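Just so you know, we're using the numbering used here here: the sequence shown kicks off at 1 and counts up by one.
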Amino acid sequence: MKRALDVLAGWAPRLFPPLVWSVAAVASFAFAAVLLVPGRNTLAELLSLLTMLVAIGVATYAYLVVLAPATLRLLFRARSSEDPEAGRPDPLDAPHMDPGLARYFSPQVAKLILERGPDALVTAKREVTVLFADLSGFTRFSEVATAEETVSTLTHYLDELVRVAHSNDGTIDKFMGDEVMVLFGAPIPTEDHASRAVKCARDMQVVVGLLNAERARRKLPTLGLTIGVNSGECVVGHVGGEARVQFSAIGDAVNVGKRIQGLAARGEIVIGERTLELAGLPLDKVEEHFVKGRGQAVKMLRISTSEGPTRIV
Numbered sequence: 001m002k003r004a005l006d007v008l009a010g011w012a013p014r015l016f017p018p019l020v021w022s023v024a025a026v027a028s029f030a031f032a033a034v035l036l037v038p039g040r041n042t043l044a045e046l047l048s049l050l051t052m053l054v055a056i057g058v059a060t061y062a063y064l065v066v067l068a069p070a071t072l073r074l075l076f077r078a079r080s081s082e083d084p085e086a087g088r089p090d091p092l093d094a095p096h097m098d099p100g101l102a103r104y105f106s107p108q109v110a111k112l113i114l115e116r117g118p119d120a121l122v123t124a125k126r127e128v129t130v131l132f133a134d135l136s137g138f139t140r141f142s143e144v145a146t147a148e149e150t151v152s153t154l155t156h157y158l159d160e161l162v163r164v165a166h167s168n169d170g171t172i173d174k175f176m177g178d179e180v181m182v183l184f185g186a187p188i189p190t191e192d193h194a195s196r197a198v199k200c201a202r203d204m205q206v207v208v209g210l211l212n213a214e215r216a217r218r219k220l221p222t223l224g225l226t227i228g229v230n231s232g233e234c235v236v237g238h239v240g241g242e243a244r245v246q247f248s249a250i251g252d253a254v255n256v257g258k259r260i261q262g263l264a265a266r267g268e269i270v271i272g273e274r275t276l277e278l279a280g281l282p283l284d285k286v287e288e289h290f291v292k293g294r295g296q297a298v299k300m301l302r303i304s305t306s307e308g309p310t311r312i313v
């Protein structure tokens, strides 16, 4: 509609010459009629007719060039204000996706958030699974690398981790230097959040292994990956001060998840007991370790990633 109005506004001035010729033709016939009728004040009537024709021409030109496009624009704007959806791009269309949503949420979750509105991000207490993935060896690498090499390498690895997280419907909670925290089961609740987190962890290790093989072939530095996965009841929602608010999870399960990630060796995944139960994984090989902030030992399972990617358990 707006494009049609712009076209009309652009073409209207070009319509003026034909309009002038049309008025001139009508005037010629009128003049001839006045001249052929006897007994009239020919000069006065000609002047009167000429004035009328000029006024008609000016009024017509003003309407076509100024009033019509402006009136239609006003009507279009009024319609847009009455209909909030008028002229608005489809928010579910990938090119119009909010960059913030696209970075932190998988496309499927981002679409659900857009469909449900603010209610999708309401603060609530629910059981979720958290995944902490840390790039081991990055601190030592950054001490000898240039700033450009440091940023390029970190971005390369984190982009791959985010891609894998999104492919498993994980939500990026936050980045902490060379570490990323991924949330499963929020903001959109899912029954298989623990299984998805375990699969995501396995896939991350496999992808980093492939990435390292490619970088080694190109004689580029490589990094390791340590992962901790834990489940439990958390408060999920918008947290932070007025200056900076983000969707996140807080609770003991988050703290324990971070602690057990610190126990993982390069290429390992350490999974908490509750996650093992929810994902249906065997508990016969669990270990017990004391972690900071907990009075009792925490049960966990170490998984090697040499077997390759897995399906959801």
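Cβ coordinates follow ideal geometry from the N, Cα and C atoms, glycine included.
Just so it is clear, the structure is predicted and the values come from calculations on it, not from any experiment.
Inter-residue Cα distance where the pair is residue i and residue j
i: residue 233; j: residue 206; result: 29 Å
i: residue 307; j: residue 153; result: With a pLDDT of 41 at residue 307, under the threshold of 50, the modelled position of that residue is not reliable, and no figure is offered here.
i: residue 266; j: residue 224; result: 5 Å
i: residue 263; j: residue 270; result: 7 Å
i: residue 143; j: residue 219; result: 18 Å
i: residue 147; j: residue 178; result: 14 Å
i: residue 91; j: residue 122; result: Any reading at residue 91 is ruled out, since the residue's pLDDT is 41, under 50, leaving its predicted position unreliable.
i: residue 107; j: residue 166; result: 8 Å
i: residue 191; j: residue 252; result: 20 Å
i: residue 238; j: residue 111; result: 18 Å
i: residue 168; j: residue 268; result: 19 Å
i: residue 210; j: residue 129; result: 26 Å
With 16 other Cβ atoms within 10 Å as the buried cut-off, status of residue i
i: residue 194; result: buried
i: residue 156; result: exposed
i: residue 319; result: Since the first and last residues shown for the chain are 1 and 313, residue 319 lies out of range.
i: residue 176; result: exposed
i: residue 187; result: buried
i: residue 305; result: buried
i: residue 301; result: buried
i: residue 296; result: exposed
i: residue 115; result: exposed
Check whether residue i and residue j have beta carbons under 8 Å apart
i: residue 184; j: residue 201; result: no
i: residue 150; j: residue 105; result: no
i: residue 162; j: residue 173; result: no
i: residue 131; j: residue 227; result: yes
i: residue 230; j: residue 294; result: no
i: residue 133; j: residue 236; result: no
Residue range of the alpha helix (DSSP H) that includes residue i
i: residue 159; result: 147 to 167
i: residue 203; result: 193 to 217
Limits of the unbroken beta strand (DSSP E) element including residue i
i: residue 259; result: Run containing residue 259: none in the beta strand (DSSP E); it sits in the alpha helix (DSSP H), 252 to 261.
i: residue 128; result: 124 to 136
Three or more C-beta pairs closer than 8 Å, one from the segment 245 to 255 and one from the segment 135 to 143: is that the case here? no
Using 8 Å as the Cβ pair cut-off and three pairs as the minimum, do the segment 251 to 258 and the segment 281 to 290 touch? no
So does the segment 204 to 218 actually touch the segment 275 to 284, counting three or more Cβ pairs closer than 8 Å? no
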